[in-house]
Amino acid sequence: MSLAYSSLRMIASPTLKTFWKLRVSGFEHVPESGPVILAANHLSVADHLFLPVACPRLVFFMAKSDYFVETGAKGRLRGLFMRSVGQIPVERSGGRAALAGLEQARQVILSGKVFGIFPEGTRSVDGRLYRGKTGVTRLALMTGAPVVPVGLIGTDAVQPRGKLLPRAGLEVGVHFGKPLHFRGSDETRRNAREIRAMTDEVMDRIAELTGQETVNAYAVRPDAAASGTPGSAGRSGG
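For what it's worth, the UniProt record's numbering labels the leading residue of the sequence shown as 1, then goes sequentially.
And the structure:
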(Lines of atoms letter the chains of each structure in order from A and count residues from 1; the text may use other names and numbers.)
(Lines give C-alpha, C1' and ligand atoms only; values in the text may rest on other atoms or scores of the structure.)
Protein backbone atom coordinates (compact mmCIF):
# COMPACT_ATOMS: atom_id res chain seq x y z
CA MET A 1 0.00 0.00 0.00
CA SER A 2 1.10 3.59 -0.58
CA LEU A 3 1.87 5.68 2.51
CA ALA A 4 -0.95 8.08 1.66
CA TYR A 5 -3.44 5.25 1.25
CA SER A 6 -2.34 3.56 4.49
CA SER A 7 -2.61 6.85 6.36
CA LEU A 8 -6.05 7.51 4.92
CA ARG A 9 -7.22 4.04 6.00
CA MET A 10 -5.93 4.61 9.52
CA ILE A 11 -8.10 7.70 9.74
CA ALA A 12 -11.10 6.63 7.70
CA SER A 13 -11.65 3.15 9.09
CA PRO A 14 -12.24 4.09 12.75
CA THR A 15 -14.15 7.19 11.66
CA LEU A 16 -16.56 5.18 9.54
CA LYS A 17 -17.06 2.62 12.28
CA THR A 18 -17.76 5.41 14.76
CA PHE A 19 -20.36 7.27 12.71
CA TRP A 20 -21.85 4.40 10.69
CA LYS A 21 -22.71 0.75 11.27
CA LEU A 22 -20.50 -0.94 8.70
CA ARG A 23 -21.49 -4.53 7.91
CA VAL A 24 -19.00 -6.48 5.80
CA SER A 25 -19.50 -10.06 4.63
CA GLY A 26 -17.86 -12.47 2.22
CA PHE A 27 -14.41 -10.96 2.27
CA GLU A 28 -12.98 -14.48 2.15
CA HIS A 29 -13.93 -14.41 -1.53
CA VAL A 30 -11.30 -11.74 -2.25
CA PRO A 31 -7.85 -13.26 -2.96
CA GLU A 32 -5.18 -12.22 -0.46
CA SER A 33 -2.78 -11.54 -3.31
CA GLY A 34 -2.72 -11.35 -7.07
CA PRO A 35 -4.92 -9.52 -9.55
CA VAL A 36 -8.63 -9.16 -8.93
CA ILE A 37 -11.48 -7.01 -10.22
CA LEU A 38 -14.10 -5.79 -7.75
CA ALA A 39 -17.35 -5.07 -9.62
CA ALA A 40 -19.85 -3.12 -7.51
CA ASN A 41 -23.16 -1.35 -7.86
CA HIS A 42 -22.95 2.44 -7.70
CA LEU A 43 -25.29 4.37 -5.43
CA SER A 44 -23.31 7.31 -4.07
CA VAL A 45 -20.00 9.13 -4.04
CA ALA A 46 -19.58 7.47 -0.63
CA ASP A 47 -19.05 4.15 -2.45
CA HIS A 48 -15.47 5.26 -3.12
CA LEU A 49 -14.89 5.43 0.63
CA PHE A 50 -16.79 2.48 2.06
CA LEU A 51 -15.57 -0.12 -0.46
CA PRO A 52 -11.83 0.57 0.04
CA VAL A 53 -12.25 0.63 3.83
CA ALA A 54 -13.94 -2.78 3.68
CA CYS A 55 -11.07 -4.15 1.59
CA PRO A 56 -7.65 -4.21 3.31
CA ARG A 57 -5.86 -4.32 -0.04
CA LEU A 58 -5.28 -1.12 -1.97
CA VAL A 59 -8.15 -0.66 -4.43
CA PHE A 60 -7.55 1.31 -7.63
CA PHE A 61 -10.50 3.11 -9.24
CA MET A 62 -11.09 5.14 -12.35
CA ALA A 63 -11.93 8.78 -11.66
CA LYS A 64 -13.09 11.64 -13.85
CA SER A 65 -10.02 13.17 -15.50
CA ASP A 66 -11.18 16.70 -14.64
CA TYR A 67 -10.20 16.05 -11.03
CA PHE A 68 -6.55 15.69 -12.03
CA VAL A 69 -6.17 18.92 -14.00
CA GLU A 70 -8.02 21.46 -11.88
CA THR A 71 -6.24 24.75 -11.30
CA GLY A 72 -5.70 26.65 -8.07
CA ALA A 73 -4.42 25.36 -4.76
CA LYS A 74 -7.59 23.39 -4.02
CA GLY A 75 -7.60 21.81 -7.48
CA ARG A 76 -3.93 20.82 -7.34
CA LEU A 77 -4.42 19.38 -3.87
CA ARG A 78 -7.36 17.33 -5.06
CA GLY A 79 -5.33 16.00 -8.01
CA LEU A 80 -2.44 15.06 -5.72
CA PHE A 81 -4.84 13.30 -3.36
CA MET A 82 -6.50 11.35 -6.18
CA ARG A 83 -3.16 10.09 -7.47
CA SER A 84 -1.84 9.20 -4.01
CA VAL A 85 -4.81 6.94 -3.23
CA GLY A 86 -4.66 5.00 -6.49
CA GLN A 87 -7.18 6.80 -8.68
CA ILE A 88 -6.81 6.47 -12.46
CA PRO A 89 -7.89 9.44 -14.62
CA VAL A 90 -10.37 8.57 -17.37
CA GLU A 91 -11.98 10.77 -20.01
CA ARG A 92 -15.74 10.26 -19.72
CA SER A 93 -16.44 11.69 -23.16
CA GLY A 94 -15.53 8.29 -24.61
CA GLY A 95 -13.58 7.49 -27.76
CA ARG A 96 -9.82 7.01 -27.74
CA ALA A 97 -9.41 8.81 -24.42
CA ALA A 98 -11.71 6.33 -22.69
CA LEU A 99 -9.80 3.45 -24.30
CA ALA A 100 -6.61 4.89 -22.84
CA GLY A 101 -8.21 4.71 -19.40
CA LEU A 102 -9.15 1.08 -20.04
CA GLU A 103 -5.54 0.33 -20.96
CA GLN A 104 -4.35 1.93 -17.73
CA ALA A 105 -6.78 -0.26 -15.81
CA ARG A 106 -5.45 -3.33 -17.64
CA GLN A 107 -1.90 -2.48 -16.62
CA VAL A 108 -2.94 -2.06 -12.98
CA ILE A 109 -4.60 -5.48 -12.99
CA LEU A 110 -1.70 -7.19 -14.77
CA SER A 111 0.65 -5.84 -12.10
CA GLY A 112 -1.24 -7.92 -9.53
CA LYS A 113 -3.35 -5.21 -7.96
CA VAL A 114 -7.02 -4.84 -7.04
CA PHE A 115 -9.09 -2.81 -9.47
CA GLY A 116 -12.52 -1.52 -8.50
CA ILE A 117 -15.10 -0.76 -11.16
CA PHE A 118 -18.74 0.26 -11.21
CA PRO A 119 -20.13 -1.44 -14.34
CA GLU A 120 -23.19 0.83 -14.38
CA GLY A 121 -20.76 3.64 -15.18
CA THR A 122 -22.55 6.27 -13.11
CA ARG A 123 -24.54 6.49 -9.90
CA SER A 124 -28.08 5.16 -9.89
CA VAL A 125 -30.54 8.04 -9.61
CA ASP A 126 -33.32 5.94 -8.08
CA GLY A 127 -31.62 3.10 -6.21
CA ARG A 128 -32.26 0.50 -8.91
CA LEU A 129 -29.53 -1.56 -10.55
CA TYR A 130 -28.96 -0.62 -14.18
CA ARG A 131 -27.45 -2.57 -17.06
CA GLY A 132 -23.71 -3.05 -16.82
CA LYS A 133 -21.24 -1.72 -19.36
CA THR A 134 -19.05 -4.44 -20.83
CA GLY A 135 -15.70 -2.95 -19.79
CA VAL A 136 -15.60 -5.15 -16.68
CA THR A 137 -15.82 -8.32 -18.78
CA ARG A 138 -13.32 -7.09 -21.36
CA LEU A 139 -10.82 -6.38 -18.59
CA ALA A 140 -11.37 -9.84 -17.12
CA LEU A 141 -10.83 -11.51 -20.50
CA MET A 142 -7.73 -9.41 -21.24
CA THR A 143 -6.09 -10.09 -17.88
CA GLY A 144 -7.46 -13.42 -16.67
CA ALA A 145 -8.28 -11.79 -13.32
CA PRO A 146 -11.29 -13.09 -11.37
CA VAL A 147 -14.28 -10.78 -10.98
CA VAL A 148 -15.61 -10.50 -7.44
CA PRO A 149 -19.14 -9.05 -7.40
CA VAL A 150 -19.72 -6.54 -4.61
CA GLY A 151 -23.05 -5.39 -3.25
CA LEU A 152 -23.16 -1.96 -1.62
CA ILE A 153 -26.22 -1.21 0.50
CA GLY A 154 -27.20 2.05 2.16
CA THR A 155 -24.56 4.40 0.80
CA ASP A 156 -27.20 6.42 -1.05
CA ALA A 157 -28.85 7.19 2.28
CA VAL A 158 -25.52 8.19 3.83
CA GLN A 159 -24.65 10.60 1.01
CA PRO A 160 -27.77 11.50 -1.01
CA ARG A 161 -27.17 13.03 -4.41
CA GLY A 162 -26.79 16.80 -4.18
CA LYS A 163 -26.17 16.85 -0.43
CA LEU A 164 -22.87 18.23 0.83
CA LEU A 165 -22.79 16.61 4.27
CA PRO A 166 -23.27 12.89 4.92
CA ARG A 167 -25.89 11.53 7.31
CA ALA A 168 -24.46 9.72 10.33
CA GLY A 169 -25.85 6.81 12.33
CA LEU A 170 -26.99 4.71 9.37
CA GLU A 171 -26.09 1.14 8.47
CA VAL A 172 -23.98 0.43 5.39
CA GLY A 173 -23.42 -3.01 3.94
CA VAL A 174 -20.48 -4.14 1.81
CA HIS A 175 -21.00 -7.72 0.65
CA PHE A 176 -18.44 -9.64 -1.43
CA GLY A 177 -19.69 -12.53 -3.56
CA LYS A 178 -17.98 -15.61 -4.93
CA PRO A 179 -15.52 -14.81 -7.73
CA LEU A 180 -16.43 -15.30 -11.36
CA HIS A 181 -13.76 -16.63 -13.72
CA PHE A 182 -14.07 -15.72 -17.39
CA ARG A 183 -11.89 -17.45 -19.93
CA GLY A 184 -12.07 -17.03 -23.65
CA SER A 185 -10.22 -17.20 -26.94
CA ASP A 186 -9.52 -14.26 -29.22
CA GLU A 187 -12.78 -15.14 -30.92
CA THR A 188 -14.65 -14.83 -27.61
CA ARG A 189 -13.13 -11.40 -27.02
CA ARG A 190 -14.56 -10.30 -30.35
CA ASN A 191 -17.98 -11.83 -29.75
CA ALA A 192 -20.22 -9.02 -28.52
CA ARG A 193 -23.04 -11.40 -27.62
CA GLU A 194 -20.85 -13.56 -25.37
CA ILE A 195 -19.32 -10.52 -23.70
CA ARG A 196 -22.80 -9.13 -23.11
CA ALA A 197 -23.91 -12.41 -21.51
CA MET A 198 -20.87 -12.48 -19.21
CA THR A 199 -21.51 -8.89 -18.15
CA ASP A 200 -25.14 -9.69 -17.43
CA GLU A 201 -23.95 -12.55 -15.22
CA VAL A 202 -21.84 -10.12 -13.20
CA MET A 203 -24.82 -7.80 -12.76
CA ASP A 204 -27.08 -10.70 -11.77
CA ARG A 205 -24.63 -11.65 -9.03
CA ILE A 206 -24.53 -8.07 -7.79
CA ALA A 207 -28.33 -7.99 -7.71
CA GLU A 208 -28.35 -11.15 -5.59
CA LEU A 209 -26.11 -9.41 -3.06
CA THR A 210 -28.08 -6.15 -2.91
CA GLY A 211 -31.66 -7.22 -3.56
CA GLN A 212 -32.06 -4.25 -5.90
CA GLU A 213 -34.70 -4.04 -8.58
CA THR A 214 -32.95 -4.35 -11.93
CA VAL A 215 -33.43 -2.23 -15.04
CA ASN A 216 -32.62 -3.52 -18.54
CA ALA A 217 -31.30 -0.14 -19.64
CA TYR A 218 -28.12 1.86 -19.16
CA ALA A 219 -27.99 4.45 -16.41
CA VAL A 220 -27.87 8.05 -17.59
CA ARG A 221 -26.00 10.78 -15.76
CA PRO A 222 -28.33 13.62 -14.73
CA ASP A 223 -26.14 16.19 -16.50
CA ALA A 224 -26.19 14.12 -19.70
CA ALA A 225 -29.95 13.69 -19.51
CA ALA A 226 -30.44 17.42 -19.01
CA SER A 227 -28.28 18.25 -22.02
CA GLY A 228 -29.97 15.62 -24.17
CA THR A 229 -26.69 13.83 -24.86
CA PRO A 230 -27.54 10.27 -25.95
CA GLY A 231 -25.64 7.25 -24.70
CA SER A 232 -23.12 9.25 -22.70
CA ALA A 233 -23.69 7.61 -19.37
CA GLY A 234 -20.68 6.16 -17.65
CA ARG A 235 -18.40 5.39 -20.56
CA SER A 236 -15.64 4.57 -18.10
CA GLY A 237 -17.62 1.48 -17.16
CA GLY A 238 -17.17 0.02 -20.63
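Beta carbons are placed, not taken as given, at the ideal position from N, Cα and C, and that holds for glycine.
- Message: My assumption, with CB atoms under 8 Å, is that leucine 110 sits in contact with alanine 207. Please give the rounded CB distance.
- Response: That pair is no contact at about 29 Å.
- For the candidate residues Ile88, Thr143, Leu77, whose alpha-carbon lies nearest to that of valine 36? When only C-alpha atoms are compared, the closest one is Thr143.
- Task: Report yes if the CB atom of methionine 62 is closer than 8 Å to the CB atom of valine 90, and no otherwise.
- Result: Yes.
- Query: Helix, strand or coil for glutamate 28 per DSSP?
  - Reply: Helix at glutamate 28.
- Message: Tell me which residue opens and which closes the beta strand (DSSP E) that alanine 40 is part of.
- Response: Annotation: the continuous beta strand (DSSP E) that includes alanine 40 extends over 36 to 40.
- Query: Hey, how far is the Cα of glutamine 159 from the Cα of valine 202?
  - Reply: So the two alpha carbons sit approximately 25 Å from each other.
- Message: Less than 6 Å between C-beta atoms, sequence neighbours within five positions excluded: which residues of the same chain meet that for proline 166?
- Response: Cβ within range, chain order: Val158, Gln159.
- Is the beta carbon of arginine 205 sitting closer than 8 Å to the one on proline 146? Result no, Cβ atoms of arginine 205 and proline 146 do not sit closer than 8 Å.
- alanine 40 and leucine 51 closer than 8 Å at C-beta: Yes, these two residues count as a Cβ contact at 8 Å.
- Sequence-distant residues of the same chain with beta carbon closer than 7 Å to residue 243, five excluded per side: Only positions 1 to 238 of the chain appear in the structure, and residue 243 is not among them; the question remains open.
- Query: Taking just the CA atoms, how far does valine 136 sit from glutamate 120?
  - Reply: Those two C-alpha atoms are separated by around 10 Å.
- With DSSP run on the structure shown, which of helix, strand or coil describes proline 89? Proline 89 falls in the strand class under three-state DSSP.
- Item | Own chain partners of phenylalanine 27 with C-beta closer than 6 Å, once the 5 adjacent residues on each side are dropped | So the qualifying residues of the chain are Phe176.
- Message: Can you give me the C-alpha to C-alpha distance between tryptophan 20 and asparagine 191, rounded to a whole angstrom?
- Response: Taking the Cα positions, tryptophan 20 is about 44 Å away from asparagine 191.
- Item | proline 149, DSSP secondary structure in three states | Here proline 149 sits in strand by DSSP.
- Query: What did DSSP end up calling valine 59 once you bin it into helix, strand or coil?
  - Reply: Valine 59 sits in a strand when the DSSP states are folded into three classes.
- Message: Only counting the same chain, and skipping five residues up and downstream in sequence, which positions put a Cβ closer than 8 Å to that of glycine 237?
- Response: Bear in mind that a pLDDT of 44 at glycine 237, under 50, signals an unreliable position, so the model cannot answer this.
- Around the C-beta of arginine 161, are 16 or more other C-beta atoms found within 10 angstroms, so that it is buried, or is it exposed? Exposure of arginine 161 is indicated by the presence of fewer than 16 other C-beta atoms within 10 angstroms of its C-beta.
- Task: Starting from glutamate 70, follow the beta strand (DSSP E) in both directions and report where the run begins and ends.
- Result: Careful: glutamate 70 lies outside any beta strand (DSSP E) and carries neither H nor E.
- Message: Considering only the alpha carbon of each residue, which of Arg183, Gly184, Thr155 lies closest to leucine 170?
- Response: Ranking Arg183, Gly184, Thr155 by Cα distance to leucine 170 puts Thr155 first.
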